[in-house]
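In the UniProt record's numbering, the protein residues as written are 1 to 361. Even for Gly, the Cβ is constructed at its ideal location relative to N, Cα and C. Beneath this line is the structure, given in structure tokens, with notes to follow.
As structure tokens, this is what we get:
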């Protein structure tokens, strides 16, 4: 059986890169598809001062920095007048961090610093001890140390300046020490809850079947399109962590909604395996595309023939059953511009002939 694709168009100079999905989607580990209820990351935030800057700190337009500096000095039993504080080597920053699950007191986490005022650079600064709080107001970590901006800024006076990367955002690897733990324990649990990262009824059903097959009984139950409850078998009593370790290595074949993603800036097209086109006719510019295929499913020995030439005819004809991948691959072979491709896909979608979601980024 052969497929024939004929393209008739004017010559184009802009190449289009098209990324097509594989025909078969492989099985994925359960740990890459789901998360365990209760094992979550918590966000921490705090306000701090970066000192030791080379005249690149906050100016008079950031009064909160001067007030924070006065408060810090008072905590050290040094009392000064706020109006006398006019330094350019201090910057107020917002300090953020993520507190992973199961982390213990005394362990370290990374922190990110972002300038709040009109500081021109955080290069060479040191963060003074800063409390990091959760949204409940409790302190969970304390951050301090020299910062790294991953770049540089050099000012050469009248010769101008040179800058690499963004100099108003910095990081301190392992810069915060955990002071309080988030209590999470799975010991003694009678049931676990798994949440799919992407809700899908087909995937959640396959997950239940895979778990039941592994455990040898009806232990899993789908509560909705993204939630699976798992009853702990007797042989895993007092050994619940082993159960989770065994389950997360199970492989499940996920199912995806047919979707087409188009990036207009780069001309990239990404599509799923179930994308198809119904019968339709399209006219666009000087483009004439003729796609013909047998109605039966394509075999591994399918042959595709693509030809292109100039012609004034502007009609595109497609037969039902031809995939969008065939059309996009053929358009790409003759150098259709990203803008033309997006216009064609939008028209096909508007006509109801594209059996997939179309998303333009």
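Coil, strand or helix - residue i by DSSP
i, result
"residue 229", "strand"
"residue 302", "With a pLDDT of 45 at residue 302, under the threshold of 50, the modelled position of this residue cannot be trusted, and the question is left open."
"residue 214", "helix"
"residue 132", "strand"
"residue 171", "strand"
"residue 209", "helix"
"residue 296", "Low local confidence applies: a pLDDT of 39 at residue 296 is under 50, so the model's placement there is unreliable, and no value is given."
"residue 17", "Note that residue 17 scores 34 on pLDDT, short of 50, meaning its location in the model is unreliable; the coordinates nonetheless yield the value given after this. Looking at residue 17 - three-state DSSP - the assignment turns out to be coil, as it is neither helix nor strand."
"residue 139", "strand"
"residue 251", "strand"
"residue 179", "coil"
"residue 328", "helix"
"residue 200", "coil"
"residue 84", "helix"
"residue 234", "helix"
"residue 110", "strand"
"residue 57", "coil"
Anticipated Cβ contact below 8 angstroms, residue i with residue j, distance rounded
i, j, result
"residue 171", "residue 193", "With 8 angstroms as the limit, residue 171 and residue 193 do not qualify as a contact, their Cβ atoms being about 34 angstroms apart."
"residue 63", "residue 110", "That pair is no contact at about 30 angstroms."
"residue 168", "residue 213", "With 8 angstroms as the limit, residue 168 and residue 213 do not qualify as a contact, their Cβ atoms being about 53 angstroms apart."
"residue 99", "residue 182", "7 angstroms"
"residue 177", "residue 142", "6 angstroms"
"residue 372", "residue 241", "The displayed coordinates of the chain run from 1 to 361. Any statement about residue 372 would go beyond what the structure contains."
"residue 120", "residue 56", "5 angstroms"
"residue 135", "residue 122", "That pair is no contact at about 26 angstroms."
"residue 363", "residue 258", "Past the boundaries of the shown model lies residue 363; the chain is included only from 1 to 361, so the question cannot be answered."
"residue 254", "residue 93", "Contact flag wrong, Cβ pair sits at about 41 angstroms."
"residue 102", "residue 184", "6 angstroms"
"residue 217", "residue 201", "Going by Cβ atoms, the distance from residue 217 to residue 201 rounds to 23 angstroms, so no, they are not a contact pair."
"residue 50", "residue 87", "12 angstroms between Cβ atoms; not a contact."
In DSSP terms, what residue i is bridged to
i, result
"residue 146", "126"
"residue 354", "277"
"residue 115", "93"
"residue 323", "276"
"residue 98", "43"
"residue 28", "252"
"residue 359", "261"
"residue 103", "For residue 103, which the question treats as bridged, DSSP gives no partner whatsoever."
"residue 78", "Answer is none; residue 78 lacks a bridge partner."
Terminal residues of the alpha helix (DSSP H) in which residue i lies
i, result
"residue 388", "A query on residue 388 cannot be resolved here, the shown segment of the chain reaching from 1 to 361 and no further."
"residue 75", "63 to 75"
"residue 242", "240 to 248"
Residues near residue i in its chain [Cβ-Cβ closer than 7 angstroms; skip 5 each side]
i, result
"residue 70", "80, 82 and 85"
"residue 215", "233"
"residue 124", "52, 53 and 54"
"residue 118", "58, 59, 61 and 62"
"residue 42", "99, 134 and 182"
Nonlocal neighbours in the same chain, by C-beta distance under 6 angstroms from residue i, ignoring five residues either side
i, result
"residue 361", "263"
"residue 364", "Outside the shown range of the chain, which is 1 to 361, sits residue 364, and nothing can be said about it."
"residue 144", "127 and 129"
"residue 39", "101"
"residue 107", "178"
"residue 349", "358"
Any non-hydrogen atom of the ligand NAD within 7 angstroms of residue i CB
i, result
"residue 354", "You won't find the ligand NAD in this model; it holds no ligand whatsoever."
Residue i - containing beta strand (DSSP E), residue span
i, result
"residue 263", "259 to 263"
"residue 193", "191 to 196"
"residue 49", "42 to 51"
"residue 220", "220 to 222"
"residue 34", "34 to 36"
"residue 268", "268 to 271"
8 angstroms Cβ shell around residue i - same chain, five flanking residues per side excluded
i, result
"residue 207", "30, 33, 34, 194, 196, 220, 222, 228 and 252"
"residue 139", "131, 132, 133, 179 and 180"
"residue 275", "258, 259, 260, 323, 324, 325, 354, 355 and 356"
"residue 236", "242 and 243"
"residue 249", "29, 30 and 31"
"residue 238", "187 and 188"
"residue 246", "214"
"residue 105", "178, 179, 180 and 181"
Chain D within 8 angstroms of residue i, Cβ atoms only
i, result
"residue 66", "Looking at the structure shown, chain D is missing, and only one protein chain is on hand."
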